[in-house]
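Letter by letter, the sequence shown follows residues 146 to 289 of this note's numbering.
Structure, as structure tokens:
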Amino acid sequence: MQPLLTQLLNLDGVTVEDYRDLGAQLVLEVEAIKDWAICPRCGQTSHNVHQSHFHLAHDLSISNRQVLLKFNRRQFKCHTCKKPFSEALDFIGERRRYTDRFAEMIVNQVIHSDTPNVARNNGLTDDEVWSMVEYISKKKEVLI
Ligand SMILES: [Zn+2]
146 MQPLLTQLLN LDGVTVEDYR DLGAQLVLEV EAIKDWAICP RCGQTSHNVH
196 QSHFHLAHDL SISNRQVLLK FNRRQFKCHT CKKPFSEALD FIGERRRYTD
246 RFAEMIVNQV IHSDTPNVAR NNGLTDDEVW SMVEYISKKK EVLI
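This is the structure we're talking about:
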């Protein structure tokens, strides 16, 4: 584990295990602290990791450098249902390529600016910015 980077990243539930410095980009390899997940079908806890799937996601910059998180969305196998399922992660939605807090930061920028500007300033396309606005507003609806 990288204690200093874990502290700097400040993302609940994960530790930084390793990193790659690519100049303008910093790739942080993170690992979930918990070694279990809850089956979405029956609600049972599973400790049985079936497969690992690694993904990259945009996260908040550190000192003006783009941060990409390399994370594992593990597949667990449920003993009761006898079926594998993907774990839900607190910091990122299903099939998203950016963390929730990254999307929230982008949405805040859109509120004070316009989409093409926000896209340009963050190295994103207009579509990507819009997908984040939609994603965050859906998430807020669910919470209300
Ligand atoms: Zn189950």
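For each residue, glycine too, the CB sits at the ideal point set by N, CA and C.
Worksheet item: Whole alpha helix (DSSP H) runs in the segment 147-209 with 4 or more residues, listed along the chain?
Response: For the segment 147-209, whole alpha helix (DSSP H) runs of length 4 or above, ordered along the chain, are 148-154.
Practice prompt. Could you spell out the range, first to last residue, of the alpha helix (DSSP H) harbouring PHE236?
Written response: The residue you call residue 236 lines up with position 91 of the sequence shown. Neither: PHE236 is in no alpha helix (DSSP H) and is coded neither H nor E.
Practice prompt. Would you kindly check if the distance between the Cβ of ILE178 and the Cβ of GLY158 is under 8 Å?
Written response: Residue mapping note: residue 158 aligns to position 13 of the sequence shown, counting from 1. Residue mapping note: residue 178 aligns to position 33 of the sequence shown, counting from 1. It is a contact, given that the beta carbons lie within the stated cut-off.
Worksheet item: What does ASN217 pair with, by DSSP beta-bridge criteria?
Response: Locating residue 217 in the sequence shown gives position 72, where the first residue counts as 1. In the DSSP output, where bridge partners are listed per residue, ASN217 has PHE199.
Practice prompt. Quick one: grab the DSSP three-state call for LYS222.
Written response: Stepping through the sequence shown from its first residue, residue 222 is reached at position 77. For LYS222, the three-state secondary structure derived from DSSP is strand.
Discussion item. If the criterion is Cβ atoms closer than 8 Å, does the pair ARG242 and HIS195 meet it?
Written reply: For the purposes of this step, residue 242 is taken as the residue at position 97 of the sequence shown. For the purposes of this step, residue 195 is taken as the residue at position 50 of the sequence shown. Contact flag unset, no.
Worksheet entry | Beta-bridge partners of GLU211, as assigned by DSSP | Along the sequence shown, one-based indexing puts residue 211 at 66. Looking at the sequence shown, residue 211 is not Glu but Gln. The partner list for GLN211 (beta bridge, DSSP) reads GLN170.
Worksheet entry | Residues of its chain near THR225, where Cβ-Cβ distance is below 6 Å and the 5 sequence neighbours each way are ignored | As a working note, residue 225 is residue 80 in the sequence shown. Answer for THR225: CYS187, GLN189, listed in chain order.
Practice prompt. Anything with a beta carbon under 6 Å from a heavy atom of ligand 1 counts; list them all in chain order.
Written response: By the rule of a C-beta closer than 6 Å to any heavy atom of ligand 1, the residues picked out are CYS184, ARG186, CYS187, GLN189, CYS223, THR225, CYS226.
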